[in-house]
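**Q**
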Amino acid sequence: MKCEHRFLLFQDLLWEKMFRNKEGQPMTVIRLKGIVSLAGKAHQVMVQGVHELYELNETPQLWLENPRINRLVFIGRNLDKDVLQEQFIPAVMQGVTSH
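For the sequence shown, UniProt numbering begins at 1 and goes up steadily by one.
1. Note down, in chain order, each residue of its chain lying with its Cβ closer than 7 Å to the Cβ of Lys-81, except the 5 sequence neighbours on either side.
2. Using a Cβ-Cβ cutoff of less than 6 Å, which residues in the same chain neighbour Arg-71 once the five nearest sequence positions on both sides are dropped?
3. Considering only DSSP beta bridges, list what Ile-75 is partnered with.
4. Would you check if the distance between the CB atom of Leu-9 and the CB atom of Ala-91 is smaller than 9 Å?
5. Should Gln-44 be labelled buried (16 or more other beta-carbon atoms within 10 Å of its own) or exposed?
6. Let's see if you can read the secondary structure: which residues bound the beta strand (DSSP E) around Met-46?
7. Which two residues bound the contiguous beta strand (DSSP E) that contains Leu-53?
8. On the criterion of 16 or more Cβ atoms from any shown chain inside 10 Å, does Glu-4 qualify as buried, or is it exposed?
Structure below.
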């Protein structure tokens with residue numbers, strides 16, 4: 001499955017270390033894992049990352065009637081939940097028409 005283009009966010013966070021918390025400190029992610037709902041995808045997508053490596057895999061599990069709730073766990077240093085949410089939501093919504 002090719003959904004990597006939606007998650008330049010993870011490259012910026014894990015590889016480039018571009019995100020900073022509200023105190024201006026760079027956020028460092030050691031581990032991340034979760035299930036995400038991507039716009040236009042019927043299947044759940046599993047994301048896993050360790051240090052600078054990550055992968056996105058479409059699972060056989062369909063969302064169907066289940067509420068589309070994104071669940072991510074980040075382990076790291078200087079993490080800021082608000083900053084991560086601000087960056088994550090547009091990445092997941094990519095492909096949804098906002099007109």
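Backbone N, C-alpha and C fix where the C-beta goes; we use that ideal spot for every residue, glycine too.
**A** Taking the geometry as given:
1. none
2. Gly-34, Ile-35
3. Arg-31
4. yes
5. buried
6. 43-50
7. 53-62
8. Low local confidence applies: a pLDDT of 49 at Glu-4 is under 50, so the model's placement there is unreliable, with the coordinate-based value given in what follows. Answer is exposed; the Cβ neighbour count stays below 16.
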